[in-house]
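Residue numbers (my numbering), protein chains in the order written: chain A, 11 to 304; chain B, 33 to 197; chain C, 401 to 588.
In structure tokens:
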């Protein structure tokens, strides 16, 4: 049973992530008053990308993509959902904080081998952006861990059972709100898609990716969607011991976020960092102070 | 407008100025006083060089350079024209008066082969691997050039047929 | 449209994937590009057929050449085409790439695009309506289905012909050949 979790949980996470990717394109299209692609379009794209003949730029170019994907898949094993959490005893939220840096690091490694100036610009933007959202993210994590006196994600979920959801408790309301604000920055989508801006720097770190590399990057993105929103559901919406309810919670958060983000234009780099260090950071800090005071 | 005509005629010798309809003025001047005319026009408020164009008078064996100068304060468009020898088309650059003359002169050098002395950058702007005479000259045979350059390249079907036989 | 035909997907996933996920390179050669934004955005919405614009040639597999091609543009087109991942498809859009169009005797516009890179299909017109792009894409689907859209294989197998024509036009080229120039040799 324990070993089955190692296989089942990434597969479920992948399915949910890909579904959300397809859904996001569909909802975006409806907001633009278009018909939109079918829900399976990301799968079609991945099949096509895997069937293409691809050009490698060297061993580090390959290794970086794989490192980024592997880091993200490992991260899934730390997320408790549907009663599953394969790595429940090893480190919890603190390790999640560390491993979250793997994905941009892997991209940076392989981008360096790509030798395209757009990649360098994209990577530097990505790191500046992650500098922006890591500050509020750490503050949010700290307030959650202090409030529940644990670093284990499973225990955080357990403490919120029977609808004692953290987002409805007074001290953790502000950190929860701050987390919602930084979700698009963590995913690199609409208002914060400055790292992969296709119109400015021809999709930045992805500029030299084609075929299989791009497919791996898409899979990584699917996992990242699941992790970022799943973590929010676990920390603030009480998680769930049922996969379906967990999925419903993820879906609601995702769609609400999408409706807000679909209508916003792109931030510039300094605007993004200014925003992230202002509102989410102040909210998270206020939450932390309240938690410490109680 | 008429004051401009009289002024230009009196200041510069050998200069002929006349009005062309409403708000347009044509100034024909010998080659050596073109820069002086441009300098004078700039000093009197015509600080915008709109374009430099060139006309190929092949029967007279001459090129005619036309400087289009305008002002944002007066509704007046002045064309300063001069003729230069077609066999030896060399002319001093106007970059010291209008800085944007550089790019127009570059284009005229490319399309007509007029050499502008003092212009630091006369590299080709549009053409690539050009071997013929400049393409806007009247004696340039466009049809023949297109035939030689583009039509002489065999199509894929011709290539395949040649290969099989 | 057989996009929901599961049996076909299981039988030949490669072909079906290429059919319904055409990513067009966002490279605009000339005036025809004014017809492309309405196709991609709300008015005609090409995304419902899986056609989306991408920013780099590495990610693309559909190349729309929109309008007349000057010698300098041709250089960029060849470089873009050679960077795209196989299988790749090219559509000449408008009458200018077909036979020169109104630039039939221009000194700086190449007349027949298919002498320099392989073209899978043409959309005639000056300019074609956005609907014509959909008809072109639908025809391309049929060609992929029957295995007729083999421009990239032609480019590989007859690279000496294409490279020879390119060198004849440009004189010297500042990038190395993509494939081996020996006749008949190609790596599969």
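We put the beta carbon where it would ideally sit given N, CA and C, even for glycine.
None of these values were measured; they are calculated from a predicted model.
Output needed for residue i: all residues of its chain with C-beta closer than 8 Å, excluding positions within five of it in sequence on either side, in chain order.
{"i": "residue 454 (chain C)", "result": "423, 424, 425, 426, 460"}
{"i": "residue 50 (chain B)", "result": "37, 57, 58"}
{"i": "residue 94 (chain B)", "result": "115, 116, 117, 118"}
{"i": "residue 191 (chain B)", "result": "none"}
{"i": "residue 519 (chain C)", "result": "465, 490, 491, 492, 497, 513, 551"}
{"i": "residue 408 (chain C)", "result": "402, 416"}
Please tell me whether residue i and residue j are closer than 7 Å, where the distance is taken between their beta carbons.
{"i": "residue 167 (chain B)", "j": "residue 507 (chain C)", "result": "yes"}
{"i": "residue 101 (chain A)", "j": "residue 175 (chain A)", "result": "no"}
{"i": "residue 565 (chain C)", "j": "residue 515 (chain C)", "result": "yes"}
{"i": "residue 125 (chain B)", "j": "residue 97 (chain B)", "result": "no"}
{"i": "residue 213 (chain A)", "j": "residue 206 (chain A)", "result": "yes"}
{"i": "residue 490 (chain C)", "j": "residue 551 (chain C)", "result": "yes"}
{"i": "residue 192 (chain A)", "j": "residue 143 (chain A)", "result": "yes"}
{"i": "residue 220 (chain A)", "j": "residue 458 (chain C)", "result": "yes"}
{"i": "residue 456 (chain C)", "j": "residue 217 (chain A)", "result": "yes"}
{"i": "residue 138 (chain B)", "j": "residue 88 (chain B)", "result": "no"}
{"i": "residue 258 (chain A)", "j": "residue 153 (chain A)", "result": "no"}
{"i": "residue 201 (chain A)", "j": "residue 208 (chain A)", "result": "no"}
{"i": "residue 279 (chain A)", "j": "residue 138 (chain A)", "result": "yes"}
{"i": "residue 146 (chain A)", "j": "residue 188 (chain A)", "result": "yes"}
{"i": "residue 418 (chain C)", "j": "residue 58 (chain A)", "result": "yes"}
{"i": "residue 657 (chain C)", "j": "residue 536 (chain C)", "result": "This structure cannot settle anything about residue 657 (chain C), because the visible part of chain C is limited to 401 through 588."}
{"i": "residue 115 (chain A)", "j": "residue 215 (chain A)", "result": "no"}
Given a threshold of 16 other Cβ atoms within 10 Å of its Cβ, counted over all protein chains shown, does residue i qualify as buried or as exposed?
{"i": "residue 104 (chain B)", "result": "exposed"}
{"i": "residue 290 (chain A)", "result": "buried"}
{"i": "residue 51 (chain A)", "result": "buried"}
{"i": "residue 496 (chain C)", "result": "buried"}
{"i": "residue 177 (chain B)", "result": "buried"}
{"i": "residue 585 (chain C)", "result": "Here residue 585 (chain C) scores only 48 on pLDDT, less than 50, and its place in the model is too uncertain to base an answer on."}
{"i": "residue 82 (chain A)", "result": "buried"}
{"i": "residue 269 (chain A)", "result": "exposed"}
{"i": "residue 36 (chain A)", "result": "buried"}
{"i": "residue 484 (chain C)", "result": "buried"}
{"i": "residue 503 (chain C)", "result": "buried"}
{"i": "residue 31 (chain A)", "result": "buried"}
{"i": "residue 107 (chain B)", "result": "exposed"}
{"i": "residue 184 (chain A)", "result": "buried"}
{"i": "residue 587 (chain C)", "result": "The predicted position of residue 587 (chain C) is uncertain, since its pLDDT is 46 and thus under 50; no value can be drawn from it."}
Give me, in chain order, the residues of the same chain whose beta-carbon lies closer than 6 Å to that of residue i; leave out the 5 immediate sequence neighbours on both sides.
{"i": "residue 130 (chain B)", "result": "81"}
{"i": "residue 123 (chain A)", "result": "67, 68, 70, 71"}
{"i": "residue 33 (chain A)", "result": "none"}
{"i": "residue 75 (chain A)", "result": "120, 223, 226"}
{"i": "residue 250 (chain A)", "result": "256"}
{"i": "residue 230 (chain A)", "result": "78, 79, 82"}
{"i": "residue 431 (chain C)", "result": "467"}
{"i": "residue 272 (chain A)", "result": "38, 41"}
So residue i packs on residue j, CB below 8 Å; how close in whole Å?
{"i": "residue 244 (chain A)", "j": "residue 163 (chain A)", "result": "6 Å"}
{"i": "residue 55 (chain A)", "j": "residue 421 (chain C)", "result": "5 Å"}
{"i": "residue 85 (chain A)", "j": "residue 253 (chain A)", "result": "Actually they do not touch by this definition, with Cβ atoms about 18 Å apart."}
{"i": "residue 171 (chain A)", "j": "residue 87 (chain A)", "result": "Actually they do not touch by this definition, with Cβ atoms about 22 Å apart."}
{"i": "residue 513 (chain C)", "j": "residue 492 (chain C)", "result": "5 Å"}
CB-CB under 7 Å to residue i, same chain, minus the five flanking residues each way: which ones, in chain order?
{"i": "residue 15 (chain A)", "result": "94, 96"}
{"i": "residue 474 (chain C)", "result": "510, 516"}
{"i": "residue 27 (chain A)", "result": "232, 233, 235, 236"}
{"i": "residue 155 (chain A)", "result": "103, 161"}
{"i": "residue 136 (chain B)", "result": "83, 84"}
{"i": "residue 482 (chain C)", "result": "578"}
{"i": "residue 573 (chain C)", "result": "566, 567"}
{"i": "residue 287 (chain A)", "result": "142, 145"}
{"i": "residue 71 (chain B)", "result": "129"}
Taking 6 Å as the cut-off, is the beta-carbon of residue i closer than that to any non-hydrogen atom of the ligand ADP?
{"i": "residue 70 (chain A)", "result": "Absent from the structure shown: the ligand ADP. Ligands present: none."}
Against chain C, which members of the segment 20 to 50 of chain A pass a CB distance test of less than 8 Å?
35, 39, 42, 43, 44, 45, 46, 47, 48
In the segment 506 to 526 of chain C, which residues sit with their C-beta less than 9 Å from some C-beta in chain B, listed in chain order?
506, 507, 508, 509, 510, 511, 512, 514, 515, 516, 518
Can you pull out the residues from the segment 415 to 443 of chain C whose beta carbon lies closer than 7 Å to at least one beta carbon of chain A?
Cβ contacts with chain A come from 417, 418, 420, 421, 442.
Closer than 9 Å, Cβ to Cβ, to anything on chain C: give me those residues from the segment 124 to 136 of chain A, in chain order.
126, 128
Can you pull out the residues from the segment 61 to 84 of chain A whose beta carbon lies closer than 9 Å to at least one beta carbon of chain C?
61, 62, 63, 64, 65
Taking Cβ-Cβ distances below 8 Å as the criterion, which residues of the segment 532 to 561 of chain C are in contact with chain A?
Residues: none.
Below 7 Å between beta carbons is the criterion; list the residues of the segment 151 to 169 of chain B that meet it against any residue of chain C, in chain order.
Against chain C - using a Cβ distance shorter than 7 Å - the residues of the segment 151 to 169 of chain B are 158, 159, 160, 161, 167.
Report the residues of the segment 472 to 488 of chain C with a CB closer than 8 Å to any CB of chain B, ordered along the chain.
472, 475
In chain order, what residues of the segment 158 to 178 of chain A put their CB closer than 9 Å to some CB of chain C?
none
Taking any Cβ of chain A, which residues in the segment 563 to 584 of chain C have a Cβ under 8 Å from it, in chain order?
none
Using Cβ-Cβ distances below 9 Å, what residues of the segment 446 to 473 of chain C are close to chain A?
447, 448, 449, 450, 452, 453, 454, 455, 456, 457, 458, 459, 460, 461
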